[in-house]
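Sequence lines, in order, name chains A and B. Using UniProt numbering, read the first sequence as starting at 1 and increasing by one per residue. Using UniProt numbering, read the second sequence as starting at 1 and increasing by one per residue. So the structure is just underneath, and the comments pick up after that.
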Amino acid sequence: MNGALRKKLQGYVGFANLPNQVHRKSVKKGFQFTVMVVGESGLGKSTLVNTLFNAPLYPSKDHVLLSEESPKTVGIQVLSTDIEENGVRLKLNVVDTPGFGDFINNEESWKPILETIEGRFDSYLEQENRVNRSKITDLRVNACLYFIAPTGHSLKALDIEFMKRLHKKVNLIPVIAKSDTLTHEEIAAFKERILLDIAHHDIKIYHAQHYDSDDIETINETKDVMSKIPFAIVGSDKIIETPDGRHVRGRKYPWGAIEVDNEEHCDFVKLRQMLVRTHMEELREFTNDIHYENYRTEKLLVLGYQQDNTVFREVDPLAKLEEERALHEAKLVKMEQDMKHVFQQKVQEKESKLTQSEQELYTKHKEMKDALEKQRLDLEEKKRRIEQGRPITPEKTKKKGFGFAGK
Amino acid sequence: MSLDAQSSQPILQSYVGFDSITSQIERKLLKRGFQFNVMVVGQSGLGKSTLVNTIFASHLIESKGRTQADEPSRKTVEIHALTETIIENGVKLRLNIVDTPGYGDQVNNEGCWDTIVKYIKDQHSAFLRKELTAMRDRFIQDTRIHSCLFFISPTGHSLKPIDIVVLKKLTEVVNVIPVIAKSDSLTIEERLAFKQRIKDELIHHNIKLYPYASDEDDLQDQTLNETYQAMIPFAVVGSEQSIIVDGKPVRVRQNRWGVINVENEDHCEFIHLRNFLTRTHLQDLIETTSMIHYETFRSKQLMALKESGQAGQGH
Numbered sequence: 001m002n003g004a005l006r007k008k009l010q011g012y013v014g015f016a017n018l019p020n021q022v023h024r025k026s027v028k029k030g031f032q033f034t035v036m037v038v039g040e041s042g043l044g045k046s047t048l049v050n051t052l053f054n055a056p057l058y059p060s061k062d063h064v065l066l067s068e069e070s071p072k073t074v075g076i077q078v079l080s081t082d083i084e085e086n087g088v089r090l091k092l093n094v095v096d097t098p099g100f101g102d103f104i105n106n107e108e109s110w111k112p113i114l115e116t117i118e119g120r121f122d123s124y125l126e127q128e129n130r131v132n133r134s135k136i137t138d139l140r141v142n143a144c145l146y147f148i149a150p151t152g153h154s155l156k157a158l159d160i161e162f163m164k165r166l167h168k169k170v171n172l173i174p175v176i177a178k179s180d181t182l183t184h185e186e187i188a189a190f191k192e193r194i195l196l197d198i199a200h201h202d203i204k205i206y207h208a209q210h211y212d213s214d215d216i217e218t219i220n221e222t223k224d225v226m227s228k229i230p231f232a233i234v235g236s237d238k239i240i241e242t243p244d245g246r247h248v249r250g251r252k253y254p255w256g257a258i259e260v261d262n263e264e265h266c267d268f269v270k271l272r273q274m275l276v277r278t279h280m281e282e283l284r285e286f287t288n289d290i291h292y293e294n295y296r297t298e299k300l301l302v303l304g305y306q307q308d309n310t311v312f313r314e315v316d317p318l319a320k321l322e323e324e325r326a327l328h329e330a331k332l333v334k335m336e337q338d339m340k341h342v343f344q345q346k347v348q349e350k351e352s353k354l355t356q357s358e359q360e361l362y363t364k365h366k367e368m369k370d371a372l373e374k375q376r377l378d379l380e381e382k383k384r385r386i387e388q389g390r391p392i393t394p395e396k397t398k399k400k401g402f403g404f405a406g407k
Numbered sequence: 001m002s003l004d005a006q007s008s009q010p011i012l013q014s015y016v017g018f019d020s021i022t023s024q025i026e027r028k029l030l031k032r033g034f035q036f037n038v039m040v041v042g043q044s045g046l047g048k049s050t051l052v053n054t055i056f057a058s059h060l061i062e063s064k065g066r067t068q069a070d071e072p073s074r075k076t077v078e079i080h081a082l083t084e085t086i087i088e089n090g091v092k093l094r095l096n097i098v099d100t101p102g103y104g105d106q107v108n109n110e111g112c113w114d115t116i117v118k119y120i121k122d123q124h125s126a127f128l129r130k131e132l133t134a135m136r137d138r139f140i141q142d143t144r145i146h147s148c149l150f151f152i153s154p155t156g157h158s159l160k161p162i163d164i165v166v167l168k169k170l171t172e173v174v175n176v177i178p179v180i181a182k183s184d185s186l187t188i189e190e191r192l193a194f195k196q197r198i199k200d201e202l203i204h205h206n207i208k209l210y211p212y213a214s215d216e217d218d219l220q221d222q223t224l225n226e227t228y229q230a231m232i233p234f235a236v237v238g239s240e241q242s243i244i245v246d247g248k249p250v251r252v253r254q255n256r257w258g259v260i261n262v263e264n265e266d267h268c269e270f271i272h273l274r275n276f277l278t279r280t281h282l283q284d285l286i287e288t289t290s291m292i293h294y295e296t297f298r299s300k301q302l303m304a305l306k307e308s309g310q311a312g313q314g315h
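Quick look at the structure:
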């Protein structure tokens, strides 16, 4: 639409009310969001989910009995909950992955996770291809929070392996877990090293775009949030009392208290802002437009669908007419040629037939002539014989007296 | 000399002077110096190097973690041994620190403890060989590992499967002292719950940690051991940075919401670990290695040699 003319409105039309209509419809329909949390056990994943949505979604972990066998593979646990705020209903699905990175041999630990994500894509694909598509439930994973242990060094081998395998399938958001164990200088250095590691291994983590139509404030906000990735977070669903008497969410130590909602202390506020307040819809769009589409293309190609590229040609009516006319003319010329060809063929045929019959006649004629000639000669012979008085039949004596002597 | 009726101990009538034997030994030992070998085992990034440097109050070892993006991660467990001599009040301590980078860092950690156990056994084996030679040195260099600091990640839940397997293997060959690394990520309640859980798990899996109860212990030793056994695993925080507090340099970790004093007993148990390791149980660690672990190894080896010798002769 670059060449479209921009007209100035001369009065109020009213389509500026469209966003409100969309808003009303969406609120009626409700929203759905699926987030996956991945990381070694003990990094505070459940606590963070509780902190993010300010609700005790995950109960505190009852310890497994000592005598119980620990599971041998990574489990997938889905928690679904409906939360409401100011009339807006959100159906939140949290996919937990207990056991990831906890075994002695973690070589297959990403498989169940990958299978879950692809399985959800598959179910959506199948729903899209149904005859009746009025009710599609979108269970695709919109964001994956990957918890990095606060070692202070660099990414572990397992971190790199996991991210390499999943960055093309889901929006990856790395977070530094339990970051209250690192000093601020250590956090800054750690973040830098992680980003270098990610760039070095060509891992594409989620990166929010900003559009030209956004105002400067939004662009700055987005840049600010994105600069903090990976988010250094601390989670807590308990209320503590700070040294100056405030009651806030945080963790209390003998040497001080860290406040979860304080931007100076940790990046939790930025993470929540990105995930819930500003980029939830973008994450969903990204999942649909990029990750899902890539998956779909791959899957369909594998199934043997051929891509017909001619449907993408630009359709210009005038050119089309010209084309048609040219085609038609070419057709006519061809027909003419064809007919000429046929005509010539027929002529040749007739000619050959005629020459053939000519030949025949000629031979017949010759035959007849010969026969005639023969007959003539015969007759001549006979005539001569009669003229010479020889009997026609030579040895025959005349008994009758008639003869030509009496004359 | 008169003997008390029915009493075993004779009473001395005048000063003999054999009580100076302690100072004679001390002088000899001071001249010779002491040897202490400690090994650190734990995943990368748990603060092992920092803790060792904090315990001995000097920069002895460097962190071997992966810091550059183009640095490949280690594919096997390596053994890095470093010897340093430190002197305090005329007492010379030859310190041998064995680091094990690569432990627990790969995706597949099967068998990562084999290298470590083999190294420990090799040191016993080397000592045994030197002992058995006909012409042996007057004083054999002791490279046997006297203590192994095992670092537990502060998850707050329980021990990891790899921790349990490795602890089982290590406690059979060396004195293991478990510590909870980076314990500043746990609040006091979380720390107590975690410790209790670890202790329960250790009992459940029958893992025997140093200090071992012994018949020789008198009441004082017993109570001391019991206090320490209640505290194990030590929840520690290490730091090489210090700030000045009241005119004295204090080692701390500084943050925007608080300052952790490493040497403050209310903050962490570093002081207890340091005292345990250097002030009270240093000699006992060396002795236990020699008398329990080495003897077990030695008897196994000699019996195996005897059996193979017999088997050879039998044919």
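From the three backbone atoms N, C-alpha and C, an ideal C-beta is built for every residue, glycine too.
Chain A residues whose Cβ lies nearer than 8 Å to that of T155(B): Against chain A, a Cβ distance below 8 Å from T155(B) picks out E40, S41, G42, L43.
Status (buried if at least 16 other CB within 10 Å, exposed otherwise) for A405(A): In this predicted model, A405(A) has a pLDDT of only 47, less than 50, meaning its place in the structure is not dependable enough to derive any value.
Cβ-based neighbour list, V95(A), same chain, cut-off 6 Å, excluding 5 preceding and 5 following: If we look at V95(A) and ignore the five residues flanking it on each side, its Cβ neighbours are M36, V78.
C144(A) - partner residues in DSSP beta bridges: For C144(A), which the question treats as bridged, DSSP gives the partners M36(A), L172(A).
Alpha carbon of P71(A) to alpha carbon of G99(A), nearest angstrom: Inter-residue distance for P71(A) and G99(A) is about 8 Å (C-alpha atoms, whole angstroms).
Proximity winner among R120(A), H23(A), D378(A), F231(A), relative to L172(A) (alpha-carbon distances): If we check each option's Cα against that of L172(A), F231(A) comes out closest.
One or two residues paired with Y253(A) in a DSSP bridge: BP columns for Y253(A) point to G256(A).
8 Å Cβ cutoff met for L277(B) and I86(B): For L277(B) and I86(B), no; Cβs fall outside 8 Å.
Inter-residue Cα distance where the pair is V269(A) and I205(A): Taking the straight line joining both Cα atoms gives about 20 Å.
Distance CB(Y294(B))-CB(R191(B)) smaller than 8 Å: No, these two residues do not count as a Cβ contact at 8 Å.
Short CB-CB distance (under 8 Å) between H267(B) and chain A: At a cut-off of 8 Å between beta carbons, H267(B) contacts chain A.
Cβ-based neighbour list, residue 330(B), same chain, cut-off 7 Å, excluding 5 preceding and 5 following: This structure leaves residue 330(B) out entirely; chain B is present only between 1 and 315.
Inter-stretch contact (C-beta, 8 Å, three-pair minimum) for the segment 251 to 263 of chain A and the segment 246 to 258 of chain B: Between the segment 251 to 263 of chain A and the segment 246 to 258 of chain B there are three or more inter-stretch CB-CB distances shorter than 8 Å, so the stretches are counted as touching.
Nearest residue (CA-CA) to Y253(A), options T181(A), D214(A), E322(A), L321(A): Nearest of T181(A), D214(A), E322(A), L321(A) to Y253(A), Cα basis: T181(A).
Supposed close pair G248(A), I240(A) - CB separation, criterion 8 Å: Looking at the sequence itself, residue 248(A) is Val, so the reference to Gly does not match. At roughly 7 Å, the Cβ-Cβ gap stays under 8 Å, so V248(A) and I240(A) are in contact.
Where N294(A) falls: helix, strand or coil (DSSP): N294(A) falls in the helix class under three-state DSSP.
Proximity test, Cβ basis, 8 Å: E264(A) and chain B: Closer than 8 Å to some Cβ of chain B, the Cβ of E264(A) qualifies, so yes.
CB-CB length for F270(B) against K121(B), believed under 8 Å: Contact between F270(B) and K121(B) is absent: CB atoms are separated by about 31 Å, not below the 8 Å threshold.
Proximity to F31(A) [Cα-Cα], best of E373(A), T137(A), L43(A), T73(A): If you compare the alpha carbons of E373(A), T137(A), L43(A), T73(A) with that of F31(A), the shortest gap goes to T137(A).
Beta carbon of P249(B) nearer than 8 Å to that of S242(B): In this structure, S242(B) lies closer than 8 Å to P249(B) by Cβ.
Nearest-angstrom Cα separation, counted from E285(A) out to K304(A): According to the sequence as given, residue 304(A) is Gly; it is not Lys. Taking the straight line joining both Cα atoms gives about 27 Å.
Span separating the alpha-carbon of A134(B) from that of H124(B): Here the C-alpha atom of A134(B) lies approximately 18 Å from the C-alpha atom of H124(B).
Selection from R251(B), Q35(B), I260(B) that minimises the alpha carbon distance to D142(B): For the residues R251(B), Q35(B), I260(B), the minimum Cα distance to D142(B) belongs to Q35(B).
Chain A within 8 Å of I271(B), Cβ atoms only: No, its Cβ sits nowhere closer than 8 Å to a Cβ of chain A.
Under 7 Å from the C-beta of K178(A): neighbouring residues of chain B: Going along chain B in sequence order, the residues near K178(A) (Cβ under 7 Å) are S185.
Any C-beta of chain B under 8 Å from that of N105(A): So, interface residue.
Assigned secondary structure, G119(A) (DSSP; H/G/I helix, E/B strand, else coil): Residue state, collapsed to three classes: helix.
Residue-level contact to chain B via CB, A4(A), 8 Å cutoff: At a cut-off of 8 Å between C-beta atoms, A4(A) does not count as an interface residue with respect to chain B.
Contact set between the segment 157 to 187 of chain A and chain B, restricted to residues whose Cβ is under 7 Å from the partner: Correct list: A157, L158, E161, K178, D180, T181, T183, H184.
Cβ-Cβ separation, K130(B) to G33(B) (assumed contact under 8 Å), whole Å: Not a contact, Cβ separation roughly 19 Å.
Cβ-Cβ distance between Y210(B) and T288(B) below 8 Å: Yes, Cβ-Cβ distance for Y210(B) and T288(B) is below 8 Å.
Within 8 Å of chain A by C-beta, residues of the segment 61 to 83 of chain B in sequence order: Listed by position, the residues of the segment 61 to 83 of chain B near chain A (Cβ gap below 8 Å) are S63, G65, R66, T67, Q68, A69, D70, E71, S73.
Among D224(A), L158(A), N50(A), Y292(A), the one whose alpha carbon lies nearest that of E128(A): Comparing alpha-carbon positions, the option among D224(A), L158(A), N50(A), Y292(A) lying closest to E128(A) turns out to be Y292(A).
Any 3 or more C-beta pairs closer than 8 Å across the segment 138 to 154 of chain A and the segment 190 to 200 of chain A: A contact exists between the segment 138 to 154 of chain A and the segment 190 to 200 of chain A.
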